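Student:
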Amino acid sequence: MESIEINKNYELKLISFSRSKLFRSLDNHLQDFITTTGESYRLTFQELQQLTEMAIDFEMWVEPSIVKQWRKIEAKHLSGNGNKKKIILNELKQLWFSLKATPSMYNSDAPHVRSIVRKVKNNTLQNDVFGECPVASEKTVCCNLLTI
């Protein structure tokens, strides 16, 4: 009876966690992995949050996914000594912190785009109130609007 109540409380915790914006920003397969891992290892709310942050960072840094990282560490520690969850989380955190400490490299696959060169148009209207923009020149980007 008591274990059913504990399971129900944990399910409520997972439902509450699944409403967080950070968790909802993950792909469905990562969300599924985090919830199933959370259920099987009884991760705390804070551990679920950290796992979510790591998943996002690994993806952003073009590293192997949190699923691969977790399974790799889990395979190293097959013998269950009761602290498996703690060992896996500590190794993941160490990897995460070491990646955070390395300098950022931005290898963009996006093409290098140059802006269109625009000629300055000379608006020579006879007007006593409006004048040309004082910034307008061949070297600046200007809207060529008349100023007061």
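Just so we're aligned: the sequence shown equals residues -8 to 139 in the numbering used here. Glycine included, each C-beta is placed from N, C-alpha and C at the ideal position. Here the structure is a predicted model, which is why all the values come from computation and not from measurement.
Could you say which of SER95, HIS103 and THR28 lies nearest to LYS76 if we only look at CA atoms?
Tutor: It is THR28 whose Cα lies nearest to the Cα of LYS76.
Student: Rounding to the nearest angstrom, what Cα-Cα distance links ASP23 and LYS67 in this structure?
Tutor: ASP23 and LYS67: Cα-Cα distance of roughly 23 Å.
Student: Would you tell me roughly how many angstroms separate the C-alpha atoms of TRP52 and GLN41, rounded to the nearest one?
Tutor: The straight-line gap from Cα to Cα measures roughly 16 Å.
Student: On the three-pair Cβ rule with 8 Å, is the stretch 87 to 95 touching the stretch 103 to 111?
Tutor: No contact exists between the stretch 87 to 95 and the stretch 103 to 111.
Student: With DSSP collapsed to three states, give me the class of GLY29.
Tutor: Residue state, collapsed to three classes: helix.
Student: Can you give me the C-alpha to C-alpha distance between ALA127 and CYS134, rounded to a whole angstrom?
Tutor: Using only the alpha carbons, I get a separation of about 8 Å.
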